[in-house]
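Protein chains in written order, with the working numbering: chain A, 15 to 129; chain B, 77 to 193. In this text, a Cβ means the ideal position worked out from N, Cα and C, and glycines have one as well. Values in this document were obtained by computation on a predicted structure and should not be read as measured data.
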C-alpha cells in the first residue's frame, strides 16, 4: 500500500499524559499537513510542512502541540499534557508541490481519546 | 476569511434515487480552488474532484456530477442512481491564495449521506 500511513490508529490516554502520532506520507510528496477532526465537524488545519520546513501553523496549535518532519519524510505530532478537549481524530495528508491546485491525499487518521 | 457551508447535515435516500449535496462558499480571493472529498466509515478522506475559480464548466464523472456557479458561490455535487456504497460523509472544501490560507483547506461541516437498499 503506497498511501498515507498513520500510527497508531487509536490511542487512549489519561489526562496529563503525552502522546505522539506518526505519519508516513506518499513517498514522492514534499508537502505534509496535519488536520484535526472532531465528531460531526470537518477537518481543521493544524500545520503544514514543505520538505522539513514547517511553514504554517494554525492558532489551534497551542504550545502543548509540536510537529516535526526531521528529514522531510515522515512526520510526528506530539501533544503534551493532554486535555479532554484534545480528544479528536488527527489526520495527516500529503501532496505534491503544485501550488494551490494539488489535491491532498489523506491517511485514515489517528483517533485520540483522553480520559 | 474563508468559509464553507454545507447546510444539509444528513440526507437519506433509497437506492437508485438521485441526490444533490449543496455547498456554498465565501472567500475574498479571486483565485481559489474548490474540492469535494468523501469520508467512508473507515475514516480516510478520499479526493473526488478539484475545480479552480476560472473554470465554471460543469463536470461529469460516471454517476457523479458537479455544478459550479460562481454567481451564487455554490459548488453542488449530484450522485445519480445512488448506491449503498455511496453512503459516507461528503465534505466540500476551499483553498485560496490569501495570506495565511495559501496551503490550508477550509472544510465544510460535511453531509452524512445514507443510501438505503
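Check: Any Cβ of chain A within less than 7 Å of the Cβ of residue 149 of chain B?; Outcome: no
Check: Can you tell me the Cα-Cα spacing of residue 124 of chain A and residue 109 of chain B, whole angstroms?; Outcome: 27 Å
Check: Along chain A, which residues have their Cβ under 7 Å away from the Cβ of residue 186 of chain B?; Outcome: 56
Check: Is any beta-carbon of chain A found at less than 7 Å from that of residue 161 of chain B?; Outcome: no
Check: Cα-Cα, which of B:127, B:187, B:121, B:162 is closest to residue 75 of chain B?; Outcome: Outside the displayed range of chain B (77 to 193) lies residue 75 of chain B, so it cannot be described from this structure.
Check: In three-state terms, what does DSSP make of residue 172 of chain B?; Outcome: strand
Check: With distance defined between alpha-carbon atoms, name the residue in B:144, B:128, B:116, B:127 nearest to residue 188 of chain B.; Outcome: B:116
Check: What is the DSSP secondary structure of residue 147 of chain B, reduced to helix, strand or coil?; Outcome: helix
Check: Could you give the distance in angstroms between the alpha-carbon of residue 27 of chain A and the alpha-carbon of residue 97 of chain A?; Outcome: 10 Å
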